[in-house]
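Number of protein chains: 2
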Amino acid sequence: MFELFIEEILAKKKGIQGKFQERTYIRLTNAYGGWPEGSIVFKDLIIAGFPKIGRINSLESGLREQFSGSFWMEEKVDGYNVRIFHYQGQIYCATRGGFICPFSTDRIVDLLNVDIFIDHPNLVLCGEITGPGSPYIEGPTPLVSEDVKLFIFDIAKGSTMEFLPERQKHELISRYRLPSVKNFDLFENQPKDLRQIKKILLSLHNEYREGVIFKEEPFGRRAKYVTANSDLNDIAVFSHKILDVSPNYFIDRILRYVLFLTELGLIEENNWEEKLGKAFVCGIKEVLKNVREHGRSSRFFRCRFRESKNAEYFIEHLKHIPGHQEHVIIKKLYQENSYWVLEFEKTFPSTSDTLRNWLSGALRFD
Amino acid sequence: MFELFIEEILAKKKGIQGKFQERTYIRLTNAYGGWPEGSIVFKDLIIAGFPKIGRINSLESGLREQFSGSFWMEEKVDGYNVRIFHYQGQIYCATRGGFICPFSTDRIVDLLNVDIFIDHPNLVLCGEITGPGSPYIEGPTPLVSEDVKLFIFDIAKGSTMEFLPERQKHELISRYRLPSVKNFDLFENQPKDLRQIKKILLSLHNEYREGVIFKEEPFGRRAKYVTANSDLNDIAVFSHKILDVSPNYFIDRILRYVLFLTELGLIEENNWEEKLGKAFVCGIKEVLKNVREHGRSSRFFRCRFRESKNAEYFIEHLKHIPGHQEHVIIKKLYQENSYWVLEFEKTFPSTSDTLRNWLSGALRFD
Chain A
1 MFELFIEEIL AKKKGIQGKF QERTYIRLTN AYGGWPEGSI VFKDLIIAGF
51 PKIGRINSLE SGLREQFSGS FWMEEKVDGY NVRIFHYQGQ IYCATRGGFI
101 CPFSTDRIVD LLNVDIFIDH PNLVLCGEIT GPGSPYIEGP TPLVSEDVKL
151 FIFDIAKGST MEFLPERQKH ELISRYRLPS VKNFDLFENQ PKDLRQIKKI
201 LLSLHNEYRE GVIFKEEPFG RRAKYVTANS DLNDIAVFSH KILDVSPNYF
251 IDRILRYVLF LTELGLIEEN NWEEKLGKAF VCGIKEVLKN VREHGRSSRF
301 FRCRFRESKN AEYFIEHLKH IPGHQEHVII KKLYQENSYW VLEFEKTFPS
351 TSDTLRNWLS GALRFD
Chain B
1 MFELFIEEIL AKKKGIQGKF QERTYIRLTN AYGGWPEGSI VFKDLIIAGF
51 PKIGRINSLE SGLREQFSGS FWMEEKVDGY NVRIFHYQGQ IYCATRGGFI
101 CPFSTDRIVD LLNVDIFIDH PNLVLCGEIT GPGSPYIEGP TPLVSEDVKL
151 FIFDIAKGST MEFLPERQKH ELISRYRLPS VKNFDLFENQ PKDLRQIKKI
201 LLSLHNEYRE GVIFKEEPFG RRAKYVTANS DLNDIAVFSH KILDVSPNYF
251 IDRILRYVLF LTELGLIEEN NWEEKLGKAF VCGIKEVLKN VREHGRSSRF
301 FRCRFRESKN AEYFIEHLKH IPGHQEHVII KKLYQENSYW VLEFEKTFPS
351 TSDTLRNWLS GALRFD
């Protein structure tokens, strides 16, 4: 059914073939034929890429500008986005880039009661996986203390990412006991609601949680807004690979940090300057120590798989993630209780090489 | 004599014609014909561009790697680089980019006893001009509390930037009472000297002075090294135009800041984290206030000229500096005592536009 489309995608270099177990598929690396980047194309099924959600950097004016009617406020969880779907008798998880993720697919039965797909085989569940046992997320996450958890935030009616209305989504979440993000209710652009929204954001901020998504109904406008402590956490975590990340990553977060603290009336209290400085300095001190002692900056990962062959597929998968190709060192794969544990290290080459060069006393022209 | 060379430069687009008063010249925008970028070509004289000086980001290993014999240590002043030379009966000042600077040329007789050019018309004096009355330097400078001052650091034997040996330079500086940078003496790579170098750097750092240049003799190797407080000052000053500067500007300084504090054994004391955070937060708070209240972030300049026609030339000159074209607002030119005072404002368009957009509640996809 989509055979010709697949040929076209490959001929025009808009997508790349992937393989998981015996299954091959195409992931769109660019939007094409009306399908967004990250869409997954099988011979007889397409799962659309997850739509990008814009960000407001100013809460009050942002809500006023973006939403004319009422809107839901839902927690935004800091993890990696998965689309969970049923295809020819199996449940698959796809990451944002359109890869079928061997880790998430392997572990999905631990994270979700998949019965919902028996009754509704055409639904696509969209959620965030996070936790210290994630193979992608670096740094701490306040919602999960060990291994990984899933938080569903959208259910799409079919493969085109046409989302169910919130109430219908809540009903399915409740009926199938799906793990989901916290929903904070429906709000409007009025002073009372704004006060309540700020109160919720303040408590998320105090718990180092990432932020929220606003979702208008029925028009489907969406916007995200994140907390200052989440920006701080990003800076602290990414300072370990400070020269492997776009420098704009940091500048954006510094600006948003000040904007959030200003808008929530926190800027004049509590050593926010010191916290921002610490986020950079602590990470950089550690990086310098690692580069001096081990010649590199890197991060250690430890993930559990149900099946050892999926760990092998995952090792293969890591080679195909842009930017990861040469920078993963597989350490160990061993059995522990009923799981297979994969340990690996991601190294940060620019940070490592540049700082090693600086520490060696090299001359630098800038 | 250089007429053909000038034609060649223009034909190959390696230089641009400039004009100051009745004098035309070519400034090299790229290295060409053995002459570096920033060289100034007249019909019968070429003044070479000032050579780039590399930076060491690690003091001990840097000195060890770069210098095998003894080396001078001299203060590095945070200002703008000028080459001062004599041509057909007049003294001119050229900036790094190869512009004859109407401001510096106008004011040079206030900054320097130009008698040296009577005895030595072929010398080129290289120095740094700085102070709150400078038209280029933003932010405070600890060495000059009002107007501007000149600090000579090199004397070139002719127009090729072949520098005089340090002792001969000191002799001329002393004989003609030239204003000069502080020279901290000759050092070697040995523990006693290194302790002394660190002591001097610590006191420069405590006075918010920029740093030092190391100069090897007779081989001419050079390296610069700057203090953490100078990095901090750069961050605080440039945060006013945070989105008009390469974001690497900030990342580099954050890294150098931590390296300096670590190397000088200061990192564990005195709230360095807080100071780093403050450098960002204070500037950004002010920018947000300015964008909210005036719609833009900008900086105000006030410079004194001896002759009003040079102020006019300077206004014209501002239009030719890359990146300045549309972002200078001339405010006033008026006489005060024996000087003409020019007031102008430089606006920071990306910082202004982006933050205005964020504050308006716009949706942003990143």
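Sequence lines, in order, name chains A and B.
First residue of the first sequence: 1, per the UniProt record's numbering; consecutive thereafter.
First residue of the second sequence: 1, per the UniProt record's numbering; consecutive thereafter.
By construction, the Cβ of each residue, glycine as well, lies at the ideal position given by its N, Cα and C atoms.
The model shown is predicted, which means the values in this text are computed figures rather than measured ones.
Cβ atoms of Ala362 of chain B and Glu216 of chain A: under 8 Å apart, would you say? On the first sequence, residue 216 of chain A is found 216 positions in, with the first residue counted as 1. On the second sequence, residue 362 of chain B is found 362 positions in, with the first residue counted as 1. In this structure, Ala362 of chain B does not lie closer than 8 Å to Glu216 of chain A by Cβ.
Please list, in chain order, the chain A residues whose beta carbon lies closer than 8 Å to that of Leu143 of chain B. Start at 1 with the first residue of the second sequence, and residue 143 of chain B comes out as number 143. Here the premise fails: no neighbours, minimum Cβ distance about 23 Å.
Inspect the beta-carbon positions of Phe85 of chain B and Arg27 of chain B and report whether they are closer than 8 Å. As a working note, residue 85 of chain B is residue 85 in the second sequence. As a working note, residue 27 of chain B is residue 27 in the second sequence. No, Cβ-Cβ distance for Phe85 of chain B and Arg27 of chain B is not below 8 Å.
Please tell me whether Gln335 of chain B has its Cβ less than 8 Å away from any Cβ of chain A. Counting from 1 along the second sequence, the entry for residue 335 of chain B is found at position 335. With 8 Å as the cut-off, Gln335 of chain B does not count as an interface residue toward chain A.
Contact belief for Ala228 of chain A with Ala279 of chain A at Cβ below 8 Å, rounded distance in angstroms: The residue you call residue 228 of chain A lines up with position 228 of the first sequence. The residue you call residue 279 of chain A lines up with position 279 of the first sequence. Not really, about 11 Å apart at Cβ, beyond 8 Å.
So for residue 395 of chain B, helix, strand or coil by DSSP? Because chain B here runs from 1 to 366, residue 395 of chain B falls outside it and cannot be looked at.
Report yes if the CB atom of Glu210 of chain A is closer than 8 Å to the CB atom of Val291 of chain A, and no otherwise. In the first sequence, the residue the question calls residue 210 of chain A occupies position 210. In the first sequence, the residue the question calls residue 291 of chain A occupies position 291. Not a contact, by the Cβ cut-off of 8 Å.
Less than 8 Å between CB atoms is the rule here; does Leu266 of chain A satisfy it with respect to chain B? What you label residue 266 of chain A is simply residue 266 of the first sequence in a count that begins at 1. No, Leu266 of chain A lies away from the interface with chain B (no Cβ there is under 8 Å from its Cβ).
Say whether chain A places a C-beta atom closer than 8 Å to the C-beta of Arg55 of chain B. For the purposes of this step, residue 55 of chain B is taken as residue 55 along the second sequence, with counting starting at 1. Yes, its Cβ sits closer than 8 Å to a Cβ of chain A.
Output yes or no for whether 8 Å exceeds the beta carbon distance between Lys319 of chain B and Phe365 of chain A. Your numbering for residue 319 of chain B matches position 319 in the second sequence. Your numbering for residue 365 of chain A matches position 365 in the first sequence. Cβ distance not < 8 Å, so Lys319 of chain B and Phe365 of chain A don't count as in contact.
Find out if the Cβ-Cβ distance for the pair Phe238 of chain B, Tyr249 of chain B is shorter than 8 Å. In the second sequence, residue 238 of chain B corresponds to position 238, counting from 1. In the second sequence, residue 249 of chain B corresponds to position 249, counting from 1. Their beta carbons are under 8 Å apart, which means Phe238 of chain B touches Tyr249 of chain B by this criterion.
Which partner residues of Lys309 of chain A appear in the DSSP bridge assignment? Here residue 309 of chain A is taken as the residue at index 309 of the first sequence, counted from 1. None; Lys309 of chain A has no bridge partner.
Where does Arg302 of chain B fall in DSSP's three states? For the purposes of this step, residue 302 of chain B is identified with residue 302 of the second sequence, where counting begins at 1. It is a strand residue.
Could you tell me which residues DSSP puts in a beta bridge with Met73 of chain B? As a working mapping, residue 73 of chain B is identified with position 73 in the second sequence. Note: Met73 of chain B sits in a beta bridge opposite B:Phe214.
Burial state of Glu74 of chain B (16 or more Cβ within 10 Å): What you label residue 74 of chain B is simply residue 74 of the second sequence in a count that begins at 1. Classification of Glu74 of chain B: buried, given that the 10 Å Cβ count is 16 or more.
Could you list the residues in the segment 195-217 of chain B with a C-beta less than 7 Å from some C-beta on chain A, going in chain order? none
When you compare each of A:Thr141, A:Ile9, A:Ile137 and A:Val148 to Ile108 of chain A by their alpha carbons, which one comes out closest? The residue given as residue 108 of chain A occupies position 108 in the first sequence. Residue A:Val148 is the option with its Cα nearest to Ile108 of chain A.
Take the Cβ of Ala31 of chain B as the centre, count every other Cβ of all protein chains shown within 10 Å, and call the residue buried at 16 or more, exposed below. What you label residue 31 of chain B is simply residue 31 of the second sequence in a count that begins at 1. Label assigned to Ala31 of chain B: exposed.
I think Arg96 of chain A touches Phe50 of chain A, with their Cβ atoms under 8 Å apart; what is that distance to the nearest whole Å? Along the first sequence, read from residue 1 onward, the residue named residue 96 of chain A stands at position 96. Along the first sequence, read from residue 1 onward, the residue named residue 50 of chain A stands at position 50. Right, their Cβ atoms sit about 6 Å apart.
Are the C-beta atoms of Gln88 of chain A and some chain B residue less than 8 Å apart? By one-based count along the first sequence, residue 88 of chain A stands at place 88. By this cut-off, Gln88 of chain A is not an interface position.
With DSSP run on the structure shown, which of helix, strand or coil describes Ile330 of chain A? Looking up residue 330 of chain A in the first sequence gives position 330. In the structure shown, Ile330 of chain A sits in a strand (DSSP, three-state: E or B).
Would you grab the beta carbon distance between Asn304 of chain A and Val341 of chain A for me? Rounded to a whole angstrom, and I think it's under 8 Å. Translated into positions along the first sequence, residue 304 of chain A becomes position 304. Translated into positions along the first sequence, residue 341 of chain A becomes position 341. Note that residue 304 of chain A is Arg in the sequence shown here, rather than Asn. So it is a contact: roughly 6 Å between Cβ atoms.
I want to see whether chain B comes within less than 8 Å of Gln66 of chain A, judged by CB atoms only; does it? Along the first sequence, read from residue 1 onward, the residue named residue 66 of chain A stands at position 66. So yes, Gln66 of chain A belongs to the interface.
Can you confirm whether Phe238 of chain B, when its beta carbon is compared against all beta carbons of chain A, has any partner nearer than 8 Å? One-based indexing of the second sequence puts residue 238 of chain B at position 238. Judged by the 8 Å Cβ criterion, Phe238 of chain B is not in contact with chain A.
By the criterion of Cβ-Cβ separation under 7 Å, what are the contact partners of Glu273 of chain B in chain A? Working through the second sequence from its first residue, we reach residue 273 of chain B at position 273. Under the 7 Å cutoff, chain A gives Glu274, Gly277, Lys278 and Val281.
Nearest neighbour of Tyr313 of chain B, chosen from B:Gln21, B:Lys14 and B:Lys12 [CA to CA]: Translated into the one-based positions of the second sequence, residue 313 of chain B becomes position 313. Answer by Cα proximity: B:Gln21.
Contact criterion: CB-CB distance below 8 Å. Does Trp72 of chain B meet it with respect to chain A? Working through the second sequence from its first residue, we reach residue 72 of chain B at position 72. So, not an interface residue.
Could you tell me the alpha carbon to alpha carbon distance between Leu112 of chain B and Pro179 of chain B, rounded to whole angstroms? Counting from one through the second sequence, the residue named residue 112 of chain B turns up at place 112. Counting from one through the second sequence, the residue named residue 179 of chain B turns up at place 179. So the two alpha carbons sit approximately 7 Å from each other.
Would you identify the three-state DSSP class for Ala236 of chain B, choosing helix, strand or coil? Taking the first residue of the second sequence as position 1, residue 236 of chain B is located at position 236. Three-state result, Ala236 of chain B: helix.
In terms of residues, what are the limits of the alpha helix (DSSP H) holding Gln21 of chain B? Residue numbering aside, residue 21 of chain B sits at position 21 when the second sequence is read from its first letter. Looking at the DSSP string, Gln21 of chain B is not in any alpha helix (DSSP H), and its letter there is neither H nor E.
Beta-carbon contacts of Leu255 of chain B that lie in its chain and below 8 Å, excluding the five residues immediately before and after: As a first step, residue 255 of chain B is located in the second sequence; it is residue number 255 there, counting from the start. So the qualifying residues of the chain are Asn57.
If distances are taken between C-alpha atoms only, which option among A:Glu138, A:Glu7 and A:Glu60 comes closest to Pro191 of chain A? Sequence index remark: in the first sequence, residue 191 of chain A carries index 191 (1-based). Nearest of A:Glu138, A:Glu7 and A:Glu60 to Pro191 of chain A, Cα basis: A:Glu60.
Would Glu336 of chain A and Arg302 of chain A be called neighbours here (beta carbons separated by less than 8 Å)? The sequence position of residue 336 of chain A within the first sequence is 336, counting from 1. The sequence position of residue 302 of chain A within the first sequence is 302, counting from 1. Not a contact, by the Cβ cut-off of 8 Å.
Could you work out which residue in B:His327, B:Asn271 and B:Asn310 is closest to Ser297 of chain B when comparing CA atoms only? By 1-based counting over the second sequence, the position of residue 297 of chain B is 297. Closest option to Ser297 of chain B, Cα to Cα, is B:His327.
Proximity to Ile16 of chain B [Cα-Cα], best of B:Lys346, B:Pro322, B:Trp358 and B:Gln88: Working through the second sequence from its first residue, we reach residue 16 of chain B at position 16. Of the candidates B:Lys346, B:Pro322, B:Trp358 and B:Gln88, the one whose C-alpha sits nearest the C-alpha of Ile16 of chain B is B:Pro322.
Name the chain B residues whose beta carbon is nearer than 8 Å to that of Pro247 of chain A? Numbered from 1 along the first sequence, position 247 holds the residue referred to as residue 247 of chain A. Within chain B, the residues near Pro247 of chain A are Ser246, Pro247, Asn248, Phe250 and Ile251.
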